[in-house]
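2 protein chains.
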Amino acid sequence: MDLDIYFRKGPLIPAIVIDAADGEVLMLAYMNRESLAKTLETGYTWFYSRSRQALWNKGATSGHVQRVVSIYGDCDDDTLLIQVEQTGPACHTGNRSCFFKPLLPPGIEPHQNGKEDDLS
Amino acid sequence: MDLDIYFRKGPLIPAIVIDAADGEVLMLAYMNRESLAKTLETGYTWFYSRSRQALWNKGATSGHVQRVVSIYGDCDDDTLLIQVEQTGPACHTGNRSCFFKPLLPPGIEPHQNGKEDDLS
């Protein structure tokens, strides 16, 4: 399999990880060519830690591993979408998903134009 | 609202866009501080195009706009998750989602080691 197409723009590609059970977005992390190859080889997610500059087998220490169900590339081959069976919480904080900090919570209109929405 | 926390690691933050109707991941694009501010101000997604080095109002030419429903930041403030009401397909190819190119389709075991998984 030619993995080079995913690293044309740079050495790292962002990988969105979603729960195979319900499609919830769990986290985003980065892969280099080696971590993508190891993910494909082992069937569990491997990433590249930008801060530690090292490969990182998700869940290796916490036990919260991610078994890969599918991987899709996007239209221009610069992002991956990885469907996983997640063991335990995906986030190191203990949250199921890393996306728990509302910047704009649902129901708050970003534009204060008084328009009422009726999209339940 | 202090947007600076999202740009501590660099001038661009990846934004995962999901469909508010069913949670499907539609695309990933990048925001700079100005495009995030415009997104919050207008209630529609604005991104920063790395190739054109310019702000980009999603759907401005195609009509396939994205009305923002919610925005969440992740645990370490370096990724955004944006829930939208998508008009038309999100992908410029005409696909609903940009993630339509299987690298590892579901049902194909990445590791050919004969191990049976039992993680339901």
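Sequence lines, in order, name chains R and L.
In terms of our numbering, the first sequence is residues 414 to 533.
In terms of our numbering, the second sequence is residues 414 to 533.
Heads up, the beta-carbon is just placed ideally off N, CA and C, and yes, glycines get one too.
### Task
Report the option in Pro-518/R, Ser-510/R, Glu-454/R, Asp-415/R whose CA atom is closest to the CA atom of Gln-499/R.
Ser-510/R
### Task
Return the chain-ordered list of same chain residues with a C-beta closer than 7 angstroms to the C-beta of Pro-523/L, the five sequence neighbours on each side being excluded.
Leu-517
### Query
Touch check for the region 442-455 of chain L and the region 443-460 of chain R: three-plus C-beta pairs under 8 angstroms?
no
### Task
Using a Cβ cut-off of 8 angstroms, pull out every chain R residue sitting near Gly-501/L, in sequence order please.
Residues of chain R passing the Cβ test: none, with the nearest at roughly 15 angstroms.
### Query
For the region 457-478 of chain L, which residues have a CB atom closer than 9 angstroms to at least one CB atom of chain R, in sequence order?
Tyr-457, Arg-463
### Query
Who are the Cβ neighbours of Asp-491/R in its own chain at under 7 angstroms, not counting the five residues just before and after it?
Lys-422, Ile-426
### Message
Just checking: is the beta-carbon of Ile-429/L within a distance shorter than 7 angstroms of some beta-carbon in chain R?
### Response
yes
#### Entry: Beta-carbon contacts of Arg-463/L that lie in its chain and below 8 angstroms, excluding the five residues immediately before and after
Leu-425, Tyr-443
#### Entry: Closer than 7 angstroms to chain R by CB, Ser-483/L
yes
#### Entry: Leu-494/L in three-state terms, based on DSSP
strand
### Task
Over the uninterrupted alpha helix (DSSP H) stretch that includes Leu-453/L, give me the two end residues.
446-455
### Task
Pick helix, strand or coil for Phe-538/L, following the three-state DSSP scheme.
In this structure chain L extends from 414 to 533, so residue 538/L is not present and cannot be described.
### Query
Using the beta-carbon of each residue, which ones in chain L are nearer than 9 angstroms to Met-440/R?
Asp-487, Cys-488, Thr-492
### Message
With a threshold of 7 angstroms between beta-carbons, can Leu-425/L be considered close to chain B, or not?
### Response
Although the question refers to chain B, the structure presented lacks it and instead comprises the protein chains R and L.
### Query
According to the Cβ coordinates, are Lys-471/L and Thr-458/L closer than 7 angstroms?
yes
### Task
Determine which residues share a DSSP beta bridge with Ile-484/R and list them.
Ile-495/R, Leu-517/L
### Message
Let me check understanding here. Comparing Cα to Cα, which of Arg-465/R, Pro-515/R, Thr-452/R lies closest to Met-414/L?
### Response
Pro-515/R
### Proximal chain R residues relative to Lys-451/L, where beta-carbon distance stays under 7 angstroms
Correct list: empty, because the minimum Cβ distance to chain R is about 10 angstroms.
### Task
Apply the 10 Å Cβ neighbour rule to Asp-432/R and answer buried if 16 or more other Cβ atoms are within range, or exposed otherwise.
buried
#### Entry: Simplified DSSP state of Asp-417/R, which is helix, strand or coil
helix
### Query
So which residues on chain L does Glu-522/R lean against when the C-beta distance must stay under 9 angstroms?
Gly-456
### Query
With 7 angstroms set as the bound, which would you pick, yes or no: does the beta-carbon of Gly-436/R sit closer than that to a beta-carbon of chain L?
yes
### Query
In whole angstroms, what separates the C-alpha of Thr-452/R from that of Ser-483/R?
11 angstroms
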